[in-house]
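Visitor:
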Amino acid sequence: MNAGRMAPIVQENPLWISWHDSNWIPVLNPGNVMDYFSEKSNPFYDRTCNNEIVRMQRQSLEMLNNMTGMEYILLHVQDPILYVIRKQHRYSPTEATPLADYYIIAGTVYQAPDLASVFNSRILSTVHHLQTAFDEASSYSRYHPSKGYSWDFSANKAIAEKTKTQTKKEAPVKEEPSSIFQRQRVDMLLGDLLRKFPLPLPQATNNTASGADMNNAGGGGTAENDHTGSEHTMIKQEPSDGMMGSGRGSNDAPPEKKMKL
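Residue 120 in the UniProt record's numbering sits at position 120 of the sequence shown; the count goes up by one each step and never skips.
1) Please look up how many angstroms separate the CB atoms of A96 and H89, rounded, as I've assumed it's under 8 Å.
2) Quick check on DSSP: helix, strand or coil for W19?
3) I'd like to check one pair, Y36 with D21: are the Cβ atoms closer than 8 Å?
4) Ignore the nearest five residues each way along the sequence and tell me which others in H76's own chain have a CB closer than 8 Å to its CB.
5) Under 8 Å between the Cβ atoms of P43 and I17?
6) Assuming Q111 and L15 make a contact with CB atoms under 8 Å, what is their CB distance in whole Å?
7) Hey, M121 and S146: beta-carbon distance below 8 Å or not?
8) What residue from Y91, R86, H128 and S138 has the CA that sits closest to D114's CA?
9) So S125 is in the beta strand (DSSP E); what residue range does that whole segment cover?
10) Going by DSSP in three states, N13 sits in which element: helix, strand or coil?
11) Cutting at 7 Å between CB atoms, please list the residues of its own chain near E71, excluding the five before and the five after it.
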């Protein structure tokens, strides 16, 4: 790959970095704070500025008002904690355009964010939190055909699922009541089925039932008569005295048998 075609290295956002020199912090004051900011290791300092030219010529910083170009000025002092330095482009002794502000707190240099960066950060943070809130809320949403949408704010889903499983094993499943829509729909389907397949007439049903009862009654009487006849056939009757006397009168009596001695 050609080195000239390589993509430029992405520079680190200056709002995310800071700089300090521990050797300067104990002696830092409004008189030397600009020299402290002009250190070579400071990533916020541009060496092409007019301050570097005046410094190399050992001239006073008041000469910056007579020059044009980029420069750094001490804007605000709250000794010994806070110092504010502004980077600006000077067009004339009375006209300059601010480019960036830097503040030094307890010897550490930071770049102050511009208004666009503040708005961008706040909007991104708001959108992120809203998206997180919507995702969290949707995870608690539940839907059931008979109940519709509902919320389930169980603190621990794992424990809730485990408890639910144990409850299902221990207790029988309770049938949920049907909704009005389901009942009306079932009634409508049953009505359609009755119209397509009507029930038989009640009169025909009664006649059939009465005929079956009569057949059962007739069969029962025949069985009873057969049973009675069989009982009469099996009964043995002993001849009575009257019957025996009448029989002897009509027929000759058998000769008497004498007992042999």
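Think of the CB as a built atom: it goes at the ideal place given N, C-alpha and C, for glycine as much as any other residue. No experiment lies behind these values; they were computed from the predicted model shown.
Guide: So, to answer that:
1) Numbered from its first residue, the sequence shown carries residue 96 at position 96. Numbered from its first residue, the sequence shown carries residue 89 at position 89. Sure, about 7 Å apart at Cβ, within 8 Å.
2) Taking the sequence shown and counting its residues from 1, one reaches residue 19 at position 19. In this structure, W19 counts as strand in the three-state DSSP scheme.
3) Position 21 of the sequence shown, counted from the first residue, corresponds to residue 21. Position 36 of the sequence shown, counted from the first residue, corresponds to residue 36. Going by C-beta atoms, D21 is nearer than 8 Å to Y36.
4) What you label residue 76 is simply residue 76 of the sequence shown in a count that begins at 1. Cβ neighbours of H76 beyond the five flanking positions: L82, Y83 and V84.
5) Locating residue 43 in the sequence shown gives position 43, where the first residue counts as 1. Locating residue 17 in the sequence shown gives position 17, where the first residue counts as 1. Their beta carbons are under 8 Å apart, which means P43 touches I17 by this criterion.
6) As a working note, residue 111 is residue 111 in the sequence shown. As a working note, residue 15 is residue 15 in the sequence shown. Their Cβ separation, rounded to whole angstroms, is 6 Å, which keeps Q111 and L15 in contact under 8 Å.
7) Position 121 of the sequence shown, counting from 1, holds the residue named residue 121. Position 146 of the sequence shown, counting from 1, holds the residue named residue 146. Note that residue 121 is Ser in the sequence shown, not Met. Not in contact: S121 and S146 (Cβ atoms no closer than 8 Å).
8) Working through the sequence shown from its first residue, we reach residue 114 at position 114. Nearest C-alpha to D114: R86.
9) In the sequence shown, counting from the first residue as 1, residue 125 sits at position 125. That residue, S125, is in no beta strand (DSSP E); its alpha helix (DSSP H) goes L115 to S139.
10) In the sequence shown, counting from the first residue as 1, residue 13 sits at position 13. Three-state DSSP puts N13 in coil, outside helix and strand.
11) As a working mapping, residue 71 is identified with position 71 in the sequence shown. Only C49, N50, N51, L64, Q88 and R90 meet the Cβ criterion.
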